[in-house]
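Undergrad: Mind having a look at this structure? Questions to follow.
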Amino acid sequence: MTIAANEVGDRYVLPTGSQDAARLDVIQEVYGPISIRGLEAAGMDGVRRAADIGCGTGTMSRWLAERMGEGSSVDGIDISEDQLAVARMGQPATGSARITYSLASAYEPALPSAQYDIVFVRLVLCHLKEPDRAVAAMAALLKPGGRLVIVDMDMYSFLAMPPSEHYRRWLEGARAHQHNIGVDYSVGKRLHELLSGSGLETTFLAADQPIFNSGPGKHLWENTWRNALPHVVKAGSIAPAEGEELIAGMATYDARPDVWIAVAKMFAAVGRKGG
Ligand SMILES: C[S@@+](CC[C@H](N)C(=O)[O-])C[C@H]1O[C@@H](n2cnc3c(N)ncnc32)[C@H](O)[C@@H]1O
């Protein structure tokens, strides 16, 4: 089950559950380092209670649980029951914090206010029409001195070398799509502004843009956009035949050994609640 789009005001454009679990594992491989850098900069020692908002299949909930250890707790929430079902199957190592997964929206997390040392959110704001409202809801979960760690992207920083017409045209279509559905695929550039808007002090900002000429990371965005294609077509942002042509062109291009891919830049920001 998924909370209906009209209840949260947004539409998630990617598949969920087992259909997307492998891609989220690659996300972790590629963007795990910048995420962990943000969390360690926020301070993980002594953290007793953490939340993972839009936890997906739980890769970072498990990381948090293992880092925090026994006697601590992690609450993972997501609007997709399919994602949560996969998350519940993944067990953190023995001696980890207890993880509880529940169905809720980032706008109304249904978690206790002012109780969390760390709130973490990765690649969720880019799917929301009102990221500022979601950040305010997350800030409310923090206890005084608690930290919100946001990891999000600038999709348009994606770079294919040598240049690819298929990728260039796809990114043009993506701009039309974000306009059609009212989201911001470069929200990563606004993290400081979003934290300040919710009364948090930005204590850390960094970005990472890994580059691949082989392996799963090289294909991450081709696969992401293949998975998003049905929604992009349904929203009228790109014609079906053109979408198929572009995805096929990307696959052929990525298979070339001379091609290097700089994946979309990922930003990490830490906002601290006063007190
Ligand atoms: C790209 S995935 C990222 C998952 C996870 N944070 C990670 O980095 O592995 C985005 C997740 O956000 C969830 N999501 C989308 N809109 C949401 C909302 N309004 N509230 C909570 N979760 C949401 C989706 O169901 C999906 O699991």
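The opening position of the sequence shown corresponds to residue 11 in the numbering used here, with each subsequent residue numbered one higher. Just so you know, even glycine gets a beta-carbon here, dropped at the ideal spot from N, CA and C.
Which residues in the same chain as Glu-17 place their Cβ atom closer than 6 Å to its Cβ, once the five residues preceding and following it in sequence are excluded?
TA: Any answer about Glu-17 is weak, because its pLDDT of 39 lies below 50 and its placement is not dependable; what the coordinates show is given next. There are no such residues.
Undergrad: Of all the alpha helix (DSSP H) runs that stay within the bounds of the region 85-141, which reach a length of 4 or more residues?
TA: Counting whole runs of 4 or more residues, the region 85-141 contains the alpha helix (DSSP H) stretches 91-99.
Undergrad: Quick check for students: name the residue ranges of the alpha helix (DSSP H) that lie wholly in the region 163-230, counting only runs of 4 or more.
TA: The qualifying runs are 175-191 and 201-207.
Undergrad: Compute the minimum distance between the beta carbon of Met-99 and the heavy atoms of ligand 1, and state whether it is under 7 Å.
TA: Result no, Cβ not under 7 Å from ligand 1.
Undergrad: Pull up the distance between the alpha-carbon of Ser-247 and that of Thr-234, whole angstroms please.
TA: The straight-line gap from Cα to Cα measures roughly 16 Å.
Undergrad: CA-CA distance, Asp-268 and Gly-227?
TA: So the two alpha carbons sit approximately 15 Å from each other.
Undergrad: Would Ile-63 be called buried (16 or more neighbouring beta carbons within 10 Å of its own) or exposed?
TA: Result: buried.
Undergrad: If I follow the unbroken alpha helix (DSSP H) through Gly-259, where does it start and stop?
TA: Segment 250-264, the alpha helix (DSSP H) holding Gly-259.
Undergrad: Quick one: give me the first and last residue of the alpha helix (DSSP H) that Arg-47 is part of.
TA: 31-52 is the extent of the alpha helix (DSSP H) around Arg-47.
Undergrad: Is the beta carbon of Val-134 within less than 7 Å of some heavy atom of ligand 1?
TA: At least one heavy atom of ligand 1 is nearer than 7 Å to the Cβ of Val-134, so yes.
Undergrad: Looking at ligand 3, does it come within less than 7 Å of Leu-24, judged from the CB to the closest heavy atom?
TA: Annotation note on ligand 3: not contained in the displayed structure, which lists ligand 1 as its ligands.
Undergrad: Once the 5 residues before and after Ala-103 are set aside, which same chain residues still bring their CB inside 6 Å of it?
TA: Excluding sequence neighbours, Ala-103 sits near Glu-76.
Undergrad: So, under 8 Å CB-CB, Trp-270 and Ile-221 are touching, yes? Tell me the CB distance rounded to an integer number of Å.
TA: The pair is a contact, with the Cβ atoms about 6 Å apart (cut-off 8 Å).
Undergrad: For a test of your reading of the model: does the CB of Ala-150 fall under 7 Å from any non-hydrogen atom of ligand 1? Yes or no.
TA: No.
Undergrad: If I follow the unbroken alpha helix (DSSP H) through Arg-72, where does it start and stop?
TA: Here the alpha helix (DSSP H) through Arg-72 covers 69-78.
Undergrad: Tell me whether Gly-225 counts as near ligand 1, meaning its Cβ is closer than 7 Å to at least one heavy atom of that ligand.
TA: Not under cutoff, so the answer is no.
Undergrad: Exposed or buried, which one is Thr-69 when buried takes at least 16 other CB atoms within 10 Å?
TA: With 16 or more Cβ atoms within 10 Å of its Cβ, Thr-69 is classed as buried.
Undergrad: Identify the continuous beta strand (DSSP E) that holds Gly-281 and give its terminal residues.
TA: 275-282 is the span of the beta strand (DSSP E), which, as asked, contains Gly-281.
Undergrad: Under 8 Å by Cβ, that's how I've got Pro-43 and Asp-218 pegged, so tell me the actual separation to the nearest angstrom.
TA: Indeed they touch by this definition, with Cβ atoms about 7 Å apart.
Undergrad: Within the continuous beta strand (DSSP E) that includes Asp-55, where are the two ends?
TA: First-last for Asp-55: undefined, no H or E at that position.
Undergrad: Got a sec: is the Cβ-Cβ distance from Arg-33 to anything in chain D below 8 Å?
TA: The displayed structure is made up of one protein chain only, and chain D is not part of it.
Undergrad: Is Gln-93 a contact residue of ligand 1, with contact defined as CB to any heavy atom under 7 Å?
TA: Answer for Gln-93: yes, Cβ within range of ligand 1.
Undergrad: DSSP on Ala-272, reduced to helix/strand/coil?
TA: Of the three classes helix, strand and coil, the one that applies to Ala-272 here is strand, per DSSP.
Undergrad: Confirm the yes/no value for this check: CB of His-187, any heavy atom of ligand 1, distance under 7 Å.
TA: Checking every heavy atom of ligand 1 against the Cβ of His-187, none is found closer than 7 Å.
Undergrad: Could you tell me whether any non-hydrogen atom of ligand 1 is closer than 7 Å to the CB of Ile-87?
TA: Within the cutoff, so yes.
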